[in-house]
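Chains as they are written, first to last, in my numbering: chain A, 1 to 116; chain B, 1 to 112.
Taking it in order: structure first as structure tokens, then the write-up.
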């Protein structure tokens, strides 16, 4: 099992629902990321947290709200989503944000989100 | 604008054959090029990576070839096995950048 655990694995929600995705890492990493993976599209970086502070926000709609209460946990709060938000949401971590590229990212298995 | 273009979208190879996946980029500031492997139901995992100061890097059956002048790099899987069936993503980043730019992925199927 990967060092990055995501729950739930699958989520179906209505457009008016509020739900949260959870990510947990026990690798001692200082940086955590949320990515969106859609079919036939590049992985899309959504948010970056370094030492529990948000350092990157790539023009993501406000219906996605991240939270990083400590260096081991990352949440993605969802509300009023649209059907086009259906995708695989991946959490990743790296030893260090600025040097993450030197050590690679460790990805979780993702949450398959379906908005109906 | 797509920073890294990857082809083909899907690939079917006979067991024992060579799988080749290609990527191209435009940003000459990119200086780190990893490949990720993703099995169904799993997240991507770092497979192999190269920097532009070398033209080739080999790890077991996996080789990255890098052509700096053409701004292209490719992944070669020698003696492909059914267990190599997965989606492969190329990526690129720069020393001054703070994110990876991924290709759209190649679904590889190795048939026995």
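Every residue, glycine too, gets a C-beta built ideally from N, C-alpha and C.
In this text, all values refer to a predicted model and were calculated from it rather than measured experimentally.
Inset, instruction - Please name the residue, chosen from B/48, B/67, B/69, that lies closest to residue 59 of chain B on a Cα-to-Cα basis. - result: B/48
Legend entry - First through last residue of the alpha helix (DSSP H) which encompasses residue 101 of chain A: 100-103
Legend entry - residue 31 of chain B - DSSP class collapsed to helix/strand/coil: strand
Inset, instruction - With a threshold of 16 other CB atoms inside 10 Å of the CB of residue 55 of chain A, please say whether the residue is buried or exposed. - result: Residue 55 of chain A is exposed by the Cβ-count criterion.
Inset, instruction - Counting only the same chain and skipping the five closest in sequence on each side, list residues whose C-beta sits under 6 Å from that of residue 10 of chain B. - result: 107
Legend entry - Residue of B/67, B/102, B/94, B/88 minimising C-alpha distance to residue 12 of chain B: B/88
Inset, instruction - Could you tell me the distance, in whole angstroms, from the CA atom of residue 34 of chain B to the CA atom of residue 69 of chain A? - result: 30 Å
Inset, instruction - Please classify residue 66 of chain A: does DSSP put it in a helix, a strand, or coil? - result: strand
Legend entry - Contact check, residue 15 of chain A vs residue 80 of chain A, beta carbons under 9 Å: When the beta-carbon positions are compared, residue 15 of chain A and residue 80 of chain A come within less than 9 Å of each other.
Inset, instruction - Inspect the CB distances between the region 36-51 of chain B and the region 12-25 of chain B and report whether three or more fall short of 8 Å. - result: no
Inset, instruction - Rounded to whole angstroms, what's the CA-CA distance from residue 4 of chain A to residue 13 of chain A? Just pull it up for me. - result: 24 Å
Inset, instruction - Identify whether residue 53 of chain A lies in helix, strand or coil by the three-state DSSP scheme. - result: strand
Legend entry - Neighbour list for residue 32 of chain B in chain A, Cβ cutoff strictly below 7 Å: 101
Inset, instruction - Can you pull the chain B residues whose beta carbon is under 9 Å from the beta carbon of residue 51 of chain A, in chain order? - result: Correct list: empty, because the minimum Cβ distance to chain B is about 14 Å.
Legend entry - Pair within 9 Å by beta-carbon distance, residue 23 of chain A and residue 73 of chain A: yes
Legend entry - Proximal chain D residues relative to residue 104 of chain B, where beta-carbon distance stays under 7 Å: Looking at the structure shown, chain D is missing, and the protein chains on hand are A and B.
Legend entry - Selected residue, minimal CA-CA separation from residue 44 of chain B, among A/38, A/90, A/98: A/90
Legend entry - Per-residue burial, residue 54 of chain B [other beta carbons within 10 Å of its own, 16 or more giving buried]: With fewer than 16 other Cβ atoms within 10 Å, it is exposed.
Inset, instruction - Give a yes or no on whether the C-beta atoms belonging to residue 73 of chain B and residue 80 of chain B are separated by under 9 Å. - result: no
Legend entry - Start and end residues, beta strand (DSSP E) containing residue 34 of chain A: In the DSSP assignment, residue 34 of chain A falls within the unbroken beta strand (DSSP E) covering 31-37.
Inset, instruction - In angstroms with no decimal places, state the Cα-to-Cα distance between residue 11 of chain A and residue 43 of chain A. - result: The straight-line gap from Cα to Cα measures roughly 20 Å.
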